[in-house]
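Below you'll find the structure, written out as structure tokens, and then a few comments.
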Amino acid sequence: MSRDSKRYAQHQIDRIFERTQILTSQLRVGKVVEEINKPEIRELIEGNYRIIYRIIDEKTVDILMVHHGARDLVRRTNK
Numbered sequence: 098m099s100r101d102s103k104r105y106a107q108h109q110i111d112r113i114f115e116r117t118q119i120l121t122s123q124l125r126v127g128k129v130v131e132e133i134n135k136p137e138i139r140e141l142i143e144g145n146y147r148i149i150y151r152i153i154d155e156k157t158v159d160i161l162m163v164h165h166g167a168r169d170l171v172r173r174t175n176k
């Protein structure tokens, strides 16, 4: 892997972490994931990635996955 690829990957990771910081104060900011259609399963979008999370209670979320938007989510979750 080239240095540029590593640098790009780290940049993407940093952006994803930054995007999730809003969840510390606004748990319901993301939209409900259409493919799952449960109000507690939501997503934030960061670039080409879908950050899918579950609201556990009013102070806790679990990040379930970071999924590339070009891939089939239903196929991935049915494995």
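Per this note's numbering: the sequence shown = residues 98 to 176. Using N, Cα and C, we set each Cβ at its ideal position, and we do this for glycine too.
For residue i, which residues does DSSP report across the bridge?
i: D101; result: In the DSSP output, where bridge partners are listed per residue, D101 has none listed.
i: T160; result: Residue identity differs from the one stated: residue 160 is Ile in this sequence, not Thr. Looking at the DSSP assignment, I160 forms a beta bridge with Y150.
Do you know offhand how far residue i's Cα is from residue j's?
i: E143; j: T117; result: 9 angstroms
i: E155; j: R125; result: 9 angstroms
i: M98; j: Y146; result: In this prediction, M98 has a pLDDT of 48, which is less than 50 and means its spatial position is unreliable; nothing more can be read from the coordinates.
i: R151; j: Q123; result: 13 angstroms
i: E137; j: Q107; result: 29 angstroms
i: M162; j: D101; result: 25 angstroms
i: E132; j: K103; result: 32 angstroms
For residue i, which three-state DSSP category applies?
i: I149; result: strand
i: I42; result: Residue 42 is absent from the model: the chain starts at 98 and stops at 176.
i: I110; result: helix
i: I119; result: helix
i: L124; result: coil
Report yes or no: is there a C-beta of chain D within less than 8 angstroms of the C-beta of residue i?
i: N145; result: In the structure shown, chain D cannot be found, because there is only a single protein chain.
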